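Here this note's numbering is used: the first residue of the sequence shown is 172, the next is one more, and so on.
No residue lacks a Cβ here, since even glycine has one placed at the ideal position from N, Cα and C.
Because the structure is a prediction, the values reported are computed rather than measured.
Here the structure comes first, spelled out in structure tokens, and everything after it is commentary.
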Amino acid sequence: MPSFRVDGNDVLALYAVIKDAVDRARAGDGPSFVEAVTYRLGAHGPTDDPSRYRDPAEAAAWQFKDPLLRFGAWLDAQKILTAEARTAARQRIDEEIRAAIAVEEAAGPPSSASLFDDVLAEPSWLIKEQRAEYLRARKRRNSQ
172 MPSFRVDGND VLALYAVIKD AVDRARAGDG PSFVEAVTYR LGAHGPTDDP SRYRDPAEAA
232 AWQFKDPLLR FGAWLDAQKI LTAEARTAAR QRIDEEIRAA IAVEEAAGPP SSASLFDDVL
292 AEPSWLIKEQ RAEYLRARKR RNSQ
């Protein structure tokens, strides 16, 4: 399988590598492996504190390599995106995000039994057994 390592903070380089991989796959030449090397600026989650294991100077240096900032600067330098177009795009994206969040919040949480759905294309006997055991245990817990 062809493998490629690319700067995951360089939007144009990443696009070129992914496009080649997709074109190759669509042509019937099989899969590709793309390693996008990047840096996680934020925490892993709400309980993570990166200051416990990172030098603040390290994260500060990477902030200037943020892919959106870099691509935005390139678009500005090439005179491709005006300030007005950027503001309009940001507003449109914010509206799309708010609409998507509203749809998901209205849907409510999934059932806990759905944890076993879509693990495999066709559930194995083990997945079926684990789901059944989970449902039996939940029923016992609820009846107590």
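Assigned secondary structure, residue i (DSSP; H/G/I helix, E/B strand, else coil)
i, result
"E275", "helix"
"V177", "strand"
"A198", "coil"
"V205", "strand"
"T258", "helix"
"F242", "helix"
Residue from the options whose Cα sits closest to the Cα of residue i
i, options, result
"M172", "A187, N180, L183, R195", "R195"
"R176", "A184, E206, D191", "E206"
"F204", "S174, R311, R211, W245", "S174"
"N180", "S295, G243, L297, Q262", "G243"
"D226", "L212, K236, K250", "L212"
"F235", "D247, T258, Y210, A214", "Y210"
Proximity of residue i and residue j at Cβ, strictly below 7 Å
i, j, result
"P238", "V188", "no"
"L246", "L240", "no"
With 16 other Cβ atoms within 10 Å as the buried cut-off, status of residue i
i, result
"L185", "buried"
"A192", "buried"
query = Using 8 Å as the Cβ pair cut-off and three pairs as the minimum, do the stretch 297-312 and the stretch 272-286 touch?
reply = yes
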